[in-house]
Amino acid sequence: MDLKLFLHRERKRGWQRSLSLSQQYFDWICNSRHRRAGILHLEVDLKMTQIRSSAGSRYMQWAKLTSTAKYNLATSGMVNLPLSALGVTLEELEINGPTVYGYDPLLKALAARYRAPQESVVSAMGTSFANYLALAAVTEPGDEVLIEEPTYDPLLGAARYLGLSIRRFERKPENHFAVDMAELERNFTSRTRVIVLCNLHNPSGASTPDTAMSELAALAGKNRGYVLVDEVYRELLFAAEPQTAFHVDPERVIVTSSLTKAYGLSGLRCGWILAAPELAQRMWRIHDVHAATYPFMAEFLSIRALEKLPDIARGMKSLLDENRSMLKTFLAGREDLECFWPEYGTIVFPRLKHGNATEFCNLLRSEFETSVVPGEFFEMPDHFRIGVGLPTADIRAALEQLERALDGYKSSLLARV
Ligand SMILES: Cc1ncc(COP(=O)(O)O)c(C=O)c1O
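Per this note's numbering, the sequence shown starts with residue -17, numbered consecutively.
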């Protein structure tokens, strides 16, 4: 039965008859003083039931099952790093080790890298899980969160799964996808608990300076709330001393990140959260409900990776510089694409000026064996995302395919008129 109709009927009946609900709900419903609250409680409960069964991320599913192709421009990370690059011998590896609330040497290494107290570091299974833990720790079901649009779809999925009320603030192409404070303030309410964004931005690659982050923290502070910033792509700056918005306001800003994107180390799942120690404690408790500990071997290898990070970063940066310059030349020659050029990172998010971008992405895949990320996964179906972190020869070949596909599509559009 339709939920609204059901609730309407039950309200009219005064909730007198016995429902197959738990005693707790029955008590609420039958207590006339709480009748209205009881109805709300039931509404929330029914919604929560639906939230679980419809949980997921369409984008994540697509990325896992259908994003690969012979020519790959869909990946946003750098080329996979082989195990041999870490210089670890088999004899050094152990299956089990002293990992409890994280592996102490790894937490220390991360704390040192980001100049944060160790009590502020929480390990997480990649940035995605870090985002979930962080959101879970600072909200209760029904709380309001203000999430950038477009954004990384699993952030929306996590907020929905946690039963949060989602509001959005736009990052507009005509504004170079910048965070616009006026737009944020327009959508910020007295109930906003967390402002959520990515830096660098996914899908556009736009960067948000820490001066803007400090304005966001001040805004969140009006409600004693938080800013959650996913900095997984900020690692692509390959700075000798990595910067993080955590220091802008360690009480209000929560940062998530990982080694996955910039260093080709997705398989290690080495993610983390930087948060005020009290929040960090809460995240560890929530983690306890989901998993016991992390795979020790991955934590051990992550320390090796962190030790070698300056070398790894040098190699990745030189590869990315070359690929970005190729991509820039490519985009400059395409009048059919309108594209904001970000200062850093692997990704760009052009708009196809004519025709239908979803149709074009399908054609690109089926006829030219090339994948990009369709803009529909970022709620902007007239765009698509290109990523250039893979080996230069592969990116060159993929861009040639993209060139052919765009030319072919343009001709087919002309033939239609
Ligand atoms: C903004 C953003 N955060 C997190 C992730 C996933 O990171 P991880 O592999 O560390 O979970 C992605 C992957 O595409 C992403 O785009």
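Virtual Cβ for every residue (Gly too), placed ideally from N, Cα, C.
Pair within 7 Å by beta-carbon distance, residue i and residue j
i, j, result
"residue 141", "residue 148", "yes"
"residue 321", "residue 334", "no"
"residue 33", "residue 116", "no"
"residue 105", "residue 259", "no"
"residue 192", "residue 109", "no"
"residue 226", "residue 304", "no"
"residue 369", "residue 55", "yes"
"residue 91", "residue 100", "no"
"residue 250", "residue 284", "yes"
"residue 329", "residue 367", "yes"
"residue 244", "residue 107", "no"
"residue 111", "residue 128", "no"
"residue 318", "residue 392", "yes"
"residue 63", "residue 247", "yes"
"residue 186", "residue 214", "no"
"residue 168", "residue 209", "no"
"residue 206", "residue 126", "no"
"residue 278", "residue 79", "yes"
"residue 275", "residue 81", "yes"
"residue 383", "residue 53", "yes"
"residue 324", "residue 188", "yes"
Residue of the options minimising C-alpha distance to residue i
i, options, result
"residue 69", "327, 299, 312, 289", "289"
"residue 77", "206, 282, 119, 83", "282"
"residue 253", "218, 287, 241, 359", "241"
"residue 122", "110, 143, 108", "143"
"residue 135", "114, 120, 125", "114"
"residue 216", "181, 248, 233", "181"
"residue 263", "62, 91, 73, 120", "120"
"residue 35", "63, 124, 145, 153", "145"
"residue 230", "380, 246, 286, 190", "190"
"residue 133", "153, 125, 124", "153"
"residue 298", "58, 174, 220", "220"
"residue 295", "266, 223, 206", "223"
"residue 269", "359, 83, 166", "83"
"residue 331", "273, 347, 309", "309"
"residue 293", "67, 163, 58, 45", "67"
"residue 327", "399, 232, 184, 359", "184"
"residue 88", "164, 286, 300", "286"
"residue 74", "365, 261, 280, 300", "280"
"residue 266", "306, 85, 164", "85"
"residue 306", "37, 58, 45", "58"
Whole-angstrom C-beta distance between residue j and residue i, which should lie under 8 Å
i, j, result
"residue 131", "residue 361", "6 Å"
"residue 194", "residue 177", "Residue 194 to residue 177, Cβ: 11 Å. No contact."
"residue 357", "residue 339", "6 Å"
"residue 218", "residue 302", "7 Å"
"residue 395", "residue 337", "5 Å"
"residue 228", "residue 98", "6 Å"
For the structure I just gave you, are there three or more beta carbon pairs, one from the segment 342 to 356 and one from the segment 375 to 395, closer than 8 Å? yes
Residue ranges of each beta strand (DSSP E) run of no fewer than 3 residues wholly in the segment 241 to 300, ordered along the chain? 252 to 256
Counting Cβ pairs closer than 8 Å, one from the segment 49 to 57 and one from the segment 157 to 164, do we hit at least three? Result no; under three Cβ-Cβ pairs closer than 8 Å.
Validate contact between the segment 32 to 42 and the segment 123 to 141 using beta carbons, cut 8 Å, 3 pairs: yes
Would you be able to state if there are at least three C-beta pairs under 8 Å between the segment 194 to 213 and the segment 337 to 345? no
Let me know the alpha helix (DSSP H) ranges lying completely inside the segment 309 to 372, each 4 residues or longer, listed in chain order. Fully contained in the segment 309 to 372 are the following alpha helix (DSSP H) runs of length 4 or more, in chain order: 339 to 350.
Counting only runs of 4+ residues fully inside the segment 46 to 112, write out the alpha helix (DSSP H) ranges in chain order. Listed in chain order, the complete alpha helix (DSSP H) runs (minimum 4 residues) inside the segment 46 to 112 are 86 to 95.
In the segment 152 to 182, which residue ranges form an unbroken beta strand (DSSP E) of at least 3 residues, counting only runs that do not cross its ends? 174 to 180
Pick out the complete alpha helix (DSSP H) segments inside the segment 190 to 215, 4 residues or longer, and give them in chain order. 192 to 203
Contained alpha helix (DSSP H) runs [length at least 4] in the segment 112 to 148, N- to C-terminal order: The segment 112 to 148 contains these whole alpha helix (DSSP H) runs: 135 to 143.
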